[in-house]
Every structure is written in C-alpha cells, then in structure tokens.
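See structure below.
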Amino acid sequence: MTALLTRETAQSIPADGPILSARAVVKRFGQTEALRGVDLDIEPGEVLAVMGPSGSGKSTLLHCLAGVLAPDDGSVVFDGIEISRLNERQRSLLRLNRLGFVFQFGQLLPDLTAVDNISVPLLLSGVRRNEALKRADDWLERLGLGDAGQKLPAELSGGQAQRVAVARALVTNPTVLFADEPTGSLDSLAAEQVMNALLDQVKAAGTTVVIITHDPRTAAYADREVIVRDGRIPAGNGVRSA
Ligand SMILES: Nc1ncnc2c1ncn2[C@@H]1O[C@H](COP(=O)(O)OP(=O)(O)OP(=O)(O)O)[C@@H](O)[C@H]1O
Ligand SMILES: [Mg+2]
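In my numbering, the protein residues as written are 1091 to 1332.
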C-alpha cells in the first residue's frame, strides 16, 4: 500500500475518470454536522473553485478531500486510493508525495529564508540538500521571486510570501494542489499576481487544483465553481456551463 502513495507507482495508474471523488461524505464536530453528505468528482487537471458562505463547510471539505481529516461517513477516493482506509502514517506519506497545500497566511517557517522554506518538502522526501536548494531556486525564478530568496518571511510582502507558499506547495510536483483562501489576505494587485503565477505553473504541469475563495475575481480563474451550503453541494451546482 505504501508504494501506492509515491509518485512513481502513481504514474502507472491510468488517469481515466476523476482524480478525486467524494461520495456521501459526512463530517461532524461534536453536535455540529459540518458536512452532510457531499458528492463531488474532480477531473485530472481541473481547476475547481469552492465558494459558499462562512461556516458552510468549505475548509472541512478540503481537509476531507486531502486526507487531513477522516470523514465520519462516506468515502474519498484519490487516484484509485480509498483515503479513509489509510492510517495516519500512510495519509502523511500521501500528502507529502502527492498533494500540495497553500493557506490564507502562507504559514512559512519564520526562521528560514524563502529559498529554504521552498526546499523543506524536498528535504523531507529525501532529496539531497544541494539538489533541493537548486530546485527551490528554480521555483523562485518561476514565481518571479528572483531577488527574495535570502529574505526571511517577515521581510517579504504579503504577495511575495504567498508566492513562496505556492512554490513550496508545487516544488514536489503534486498531483493535486489544495488552496484555502490563498489570496484572502492580499490586495487585488497582489492577489492577481499570486493567481497568475499559480495558474501558469499548474496549467503547464497539468496539476489539479481545488481552491477555496470568497473572491469572485479569484474564482474567475477556475474551470468550474461549486458552492457549498450548509454542509452540502446542492445537486446541479457546479455543472459546467460550456
Ligand atoms: N475543528 C473544529 N471543531 C469544531 N467545529 C468545527 C471545527 N472545524 C470546523 N467546525 C465547524 O464546522 C462548520 C464548518 O466549518 P468550516 O471551517 O468548514 O467552514 P468554512 O466554509 O471553511 O468557513 P469560512 O469561510 O469562515 O472559512 C462550522 O460550523 C464550524 O464552526
Ligand atoms: Mg474556511
């Protein structure tokens, strides 16, 4: 099973059908039913925007799709793997090898430079330090951060910090990138730069993206939008108009 979680094996799995599939997913926190039976299929290479009111269950859904939280009921299948059957260690391997994450506030490690932050996931997956720094440097360039490599997170603008977070999420070439309000703390110009940089890279690599946003301008970058309401994605919502 462990082998299934690494990219080498994954490439041999035919990419027919959805890369990520949620069926009747239920998640409770005590008395709160955050997800009340969500069905969702996400196609390989698709950029999906998830919208909806505060408290509707968007972040909970993302965490269930990404194997961060285990659903109380229903199933989540990622690339042929039933995530809810994995144990904690297998799920963390899956996240490290196959998934990338960006949050509203980059959550960069404050004592590491930008380039060191980007290299962390590579070091964790066993890439040698010199090679990791070389690849991290390449990602700085790709995201237009050429001069910022030696800066600490506190010395970066909000938009630069989010681009570092995007680089860190993409440096391992994940199959799916999950982003929870990645531009939520930025002004509109910085948000646009982050989204353009992100989109350029994921489109080139064929990365699937699930992005939570409140901002219709950010959602406009997506191939498709779904709206979460009261822990559900109402039927018919998210059907492509084209
Ligand atoms: N760890 C938790 N413990 C208890 N309740 C939680 C927890 N996480 C989420 N909830 C509850 O689950 C519901 C859905 O929360 P969630 O964070 O998924 O909403 P959201 O759509 O992401 O909202 P926002 O737009 O404000 O980020 C809310 O009622 C929330 O209070
Ligand atoms: Mg949220």
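Glycine included, every Cβ here is placed at the ideal spot set by N, Cα and C.
Between the alpha carbons of residue i and residue j, how many angstroms are there, rounded?
i       : j       : result
Leu1125 : Gly1157 : 15 Å
Pro1200 : Glu1245 : 10 Å
Pro1104 : Ile1171 : For Pro1104, the predicted model reports a pLDDT of 49, less than 50, meaning its position is unreliable; a value from the coordinates is still stated below. When rounded, the distance between both Cα atoms is 13 Å.
Asp1169 : Ala1281 : 31 Å
Glu1136 : Ser1146 : 23 Å
Gln1121 : Leu1214 : 37 Å
Glu1221 : Val1210 : 12 Å
Asp1162 : His1153 : 13 Å
Arg1175 : Arg1181 : 9 Å
Thr1262 : Lys1293 : 15 Å
Phe1119 : Pro1324 : 21 Å
Asp1106 : Asn1187 : 21 Å
Asp1131 : Ala1114 : 12 Å
Glu1178 : Ala1295 : 28 Å
Tyr1311 : Leu1289 : 8 Å
Ser1247 : Gly1326 : 40 Å
Arg1219 : Leu1212 : 8 Å
Pro1306 : Ser1278 : 11 Å
Under 8 Å by Cβ, that's how I've got residue i and residue j pegged, so tell me the actual separation to the nearest angstrom.
i       : j       : result
Val1420 : Leu1138 : Any answer about residue 1420 is impossible in this case: the structure gives the chain only from 1091 up to 1332.
Ile1254 : Asn1207 : Contrary to the premise, residue 1254 reads as Val rather than Ile in this sequence. 6 Å between Cβ atoms; contact.
Ala1269 : Met1141 : That pair is no contact at about 13 Å.
Between residue i and the rest of its own chain, which residues show a CB-CB distance below 8 Å, the 5 nearest in sequence each way excluded?
i       : result
Ser1102 : Its pLDDT being 44, under 50, Ser1102 is placed unreliably in this model, and the value from its coordinates should be taken loosely. Cβ within range, chain order: n/a, list empty.
Thr1203 : Gly1239, Gln1240, Lys1241 and Leu1242
Leu1159 : Lys1117, Thr1150 and His1153
Gly1236 : Leu1230
Asp1320 : Arg1126, Ser1146 and Gly1147
Checking 7 Å against the spacing of the C-beta atoms, do residue i and residue j come in under that value?
i       : j       : result
Thr1273 : Val1284 : yes
Phe1195 : Ser1275 : yes
Gly1164 : Val1116 : yes
Thr1297 : Glu1271 : no
Ala1226 : Val1205 : yes
Ser1134 : Ile1173 : Per the sequence shown, residue 1134 should be read as Pro rather than Ser. No, the Cβ-Cβ distance between Pro1134 and Ile1173 is not below 7 Å.
Excluding sequence positions up to five away, which residues of its chain have a Cβ less than 6 Å from the Cβ of residue i?
i       : result
Ala1347 : Limits of the chain in this structure are 1091 at one end and 1332 at the other, which puts residue 1347 out of reach.
Pro1060 : An answer regarding residue 1060 cannot be provided, because it is not within the stretch 1091 to 1332 covered by the chain.
Gly1190 : Ala1259, Leu1260, Pro1264 and Leu1267
Val1167 : Ser1111
Gln1150 : A quick correction: the sequence has Thr, not Gln, at residue 1150. The residues are Lys1117, Ala1124 and Leu1125.
Val1299 : Val1137, Leu1267 and Val1292
Leu1223 : Ser1209
Ile1301 : Ala1139 and Ala1269
Ala1332 : In this predicted model, Ala1332 has a pLDDT of only 48, less than 50, meaning its place in the structure is not dependable; the value taken from the coordinates is given anyway. The answer is none, since no qualifying residue turns up.
Mind checking whether the beta-carbon of residue i lies closer than 6 Å to any heavy atom of ligand 3?
i       : result
Lys1293 : In terms of ligand content, the structure shown lacks ligand 3 and carries ligand 1 and ligand 2 instead.
For residue i, which residues from the same chain have a beta carbon less than 7 Å from its beta carbon, with the 5 sequence-adjacent residues on both sides left out?
i       : result
Gly1249 : Leu1276, Ala1280, Gln1283 and Val1284
Arg1322 : Arg1126, Gly1127 and Val1128
Gly1328 : Arg1314, Glu1315 and Val1316
Arg1185 : Ala1156 and Gly1157
May I have a chain-ordered list of the alpha helix (DSSP H) segments no shorter than 4 residues that lie completely inside the region 1091-1172?
1097-1100 and 1148-1155
Would you mind listing the beta strand (DSSP E) stretches within the region 1170-1204 that are 3+ residues and don't spill past its ends, in chain order?
Within the region 1170-1204, the beta strand (DSSP E) runs of at least 3 residues that lie entirely inside it are, in chain order, 1189-1192.
Which parts of the region 1242-1329 are runs of the alpha helix (DSSP H), unbroken and 4 residues or longer, counting only runs that do not cross its ends?
1248-1260, 1278-1295 and 1306-1309
Can you give, in chain order, each stretch of the alpha helix (DSSP H) that sits fully within the region 1201-1243 and has at least 4 residues?
For the alpha helix (DSSP H) assignment, the uninterrupted runs of no fewer than 4 residues enclosed by the region 1201-1243 are, from N- to C-terminal side, 1204-1214 and 1219-1232.
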